Amino acid sequence: MRKMFSKATVRVIAALIAISDLSVAPAVAFSHPDATSRRNVIDALGTSFGALVVGSSVAPANASIKDPKTGILLPSEGEIEAAIPTSWDDDDNPFVSMGKDKFGRLDSAPDSEFYADPRFVEHVDENAVKSMTSYIDQFLEQDDSVLDLCSSWTSHISPGTKDRLNLKVSGLGMNQKELEANTILADWAVLDLNKATAKLPYDDASFDKVLCQLSIDYLTRPLDVMKEVSRVLKPNGKVAILFSNRLFIQKAVGLWTGADDIDHAYTVGAYLHFSGGGFEDIKARDLSQRKGKLILGDPLYFVTAVKR
Numbered sequence: 027m028r029k030m031f032s033k034a035t036v037r038v039i040a041a042l043i044a045i046s047d048l049s050v051a052p053a054v055a056f057s058h059p060d061a062t063s064r065r066n067v068i069d070a071l072g073t074s075f076g077a078l079v080v081g082s083s084v085a086p087a088n089a090s091i092k093d094p095k096t097g098i099l100l101p102s103e104g105e106i107e108a109a110i111p112t113s114w115d116d117d118d119n120p121f122v123s124m125g126k127d128k129f130g131r132l133d134s135a136p137d138s139e140f141y142a143d144p145r146f147v148e149h150v151d152e153n154a155v156k157s158m159t160s161y162i163d164q165f166l167e168q169d170d171s172v173l174d175l176c177s178s179w180t181s182h183i184s185p186g187t188k189d190r191l192n193l194k195v196s197g198l199g200m201n202q203k204e205l206e207a208n209t210i211l212a213d214w215a216v217l218d219l220n221k222a223t224a225k226l227p228y229d230d231a232s233f234d235k236v237l238c239q240l241s242i243d244y245l246t247r248p249l250d251v252m253k254e255v256s257r258v259l260k261p262n263g264k265v266a267i268l269f270s271n272r273l274f275i276q277k278a279v280g281l282w283t284g285a286d287d288i289d290h291a292y293t294v295g296a297y298l299h300f301s302g303g304g305f306e307d308i309k310a311r312d313l314s315q316r317k318g319k320l321i322l323g324d325p326l327y328f329v330t331a332v333k334r
């Protein structure tokens with residue numbers, strides 16, 4: 027599946043990197059086997075970034091429905107849910123022999139540089155924001171202590187829900203000004219989770235729920251981070267990881283940019299299971315709004331798990 031780029035293509039990629047902090051690009055995918063071979067897809071994907079959008083062309087994916095406006099292939103109903111295995115084979119861990127290059131990125135500069143300036147914008151469209159907020163409101167429970175991982179100026183928790191459920195929300199993100207503007211947060215901290223020494227600045231069993239919204243694709247150490255999530259969760263605590271196919275392409279890891287949304291759901295589930303964090307009951311769900319079979323606007327998905 028690896029592809030070599032011409033010098034012209036490299037120049038296009040360089041131009042994309044230069045301007046992409048002004049917009050969020052859709053993720054695209056290689057073609058690959060059916061949904062029962064997700065583990066093989068993870069093994070095959072590298073950092074060639076052959077899945078980049080160049081002009082208006084998009085590499086074929088295994089998902090079922092093509093968006094008529096963007097040409098991106100999207101999952102049909104039920105495919106996201108079916109991406110998570112009913113049982114996991116611990117002897118078939120795709121990350122054991124995986125090279126660090128598969129978590130490489132087009133922009134390898136420190137994340138502190140990329141996130142130095144605040145971005146007071148949503149990274150998915152209005153429908154996806156509404157779906158995300160509605161789901162999170164249902165996910166949270168009375169008197170929950172919540173960690174909003176990779177937080178920003180909004181946690182997509184409505185003020186009414188925070189007051190009604192008596193929530194205490196802690197935020198951990200990359201930009202101080204964004205975190206200061208987030209009125210839902212009771213406290214916050216700035217931390218680069220992609221640093222090798224990064225450890226969540228919280229005691230063991232501090233939280234009932236952990237949220238990670240539209241950021242899992244940027245983590246270069248996702249298994250380490252998920253193990254830390256398990257550490258700070260209380261027994262029977264829950265994590266919800268929400269994602270779309272909209273992203274800053276230059277900061278997403280190669281493993282992510284080379285896959286479709288069905289593979290993304292499997293990959294997130296695999297992060298959780300193989301992190302060693304004791305996560306169980308891993309499930310995925312498609313929150314995308316549809317008209318008939320077609321997804322309207324930006325897609326939205328989540329993967330949840332329970333710490334045992």
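So for the sequence shown, the working numbering puts the first residue at 27; every next one is plus one. Don't be surprised by glycine CBs; every beta carbon is placed ideally from N, CA and C. The structure presented is a predicted model; accordingly, all values stated were derived computationally and were not measured.
Enclosing alpha helix (DSSP H) for Gln202 [first to last residue]: Here the alpha helix (DSSP H) through Gln202 covers Gln202 to Ala207.
Environment of Phe233 [buried if 16+ CB atoms lie within 10 Å]: Its Cβ being crowded by 16 or more others within 10 Å, Phe233 is buried.
Buried or exposed by the 16-neighbour rule on C-beta atoms within 10 Å, applied to Phe146: That one is exposed.
Element boundaries [alpha helix (DSSP H), containing Asp116]: Counting along the chain, no alpha helix (DSSP H) covers Asp116, and no H or E run does either.
At least three beta-carbon pairs within less than 8 Å, the region 293-303 to the region 153-160: Contact fails: fewer than three Cβ-Cβ distances are below 8 Å.
Cβ-based neighbour list, Asn262, same chain, cut-off 8 Å, excluding 5 preceding and 5 following: Only residues of its own chain outside the window of five on either side were considered, and among them Val332, Lys333 and Arg334 have a CB closer than 8 Å to the CB of Asn262, listed in chain order.
Completely contained beta strand (DSSP E) runs for the region 228-277, where each covers 3 or more residues: Uninterrupted beta strand (DSSP E) stretches at least 3 residues long and entirely within the region 228-277 occur at 233-239 and 259-269, given in chain order.
Candidates Gly199, Ala231 and Asn208, of which the one nearest His182 by Cα: Nearest of Gly199, Ala231 and Asn208 to His182, Cα basis: Asn208.
Residues that Phe305 bridges to, as DSSP identifies them: Residue pairing for Phe305: DSSP places it in a beta bridge opposite Lys333.
Which of helix, strand or coil DSSP assigns to Trp179: In the three-state DSSP reduction, Trp179 falls in the coil class, being neither helix nor strand.
Cα-Cα separation between Phe165 and Leu259, rounded to whole angstroms: Roughly 15 Å separates the two Cα atoms.
Element boundaries [beta strand (DSSP E), containing Lys194]: Counted as a single uninterrupted DSSP element, the beta strand (DSSP E) harbouring Lys194 occupies residues Lys194 to Gly199.
Delimiting residues of the beta strand (DSSP E) encompassing Asp213: Residues Asp213 to Val216.
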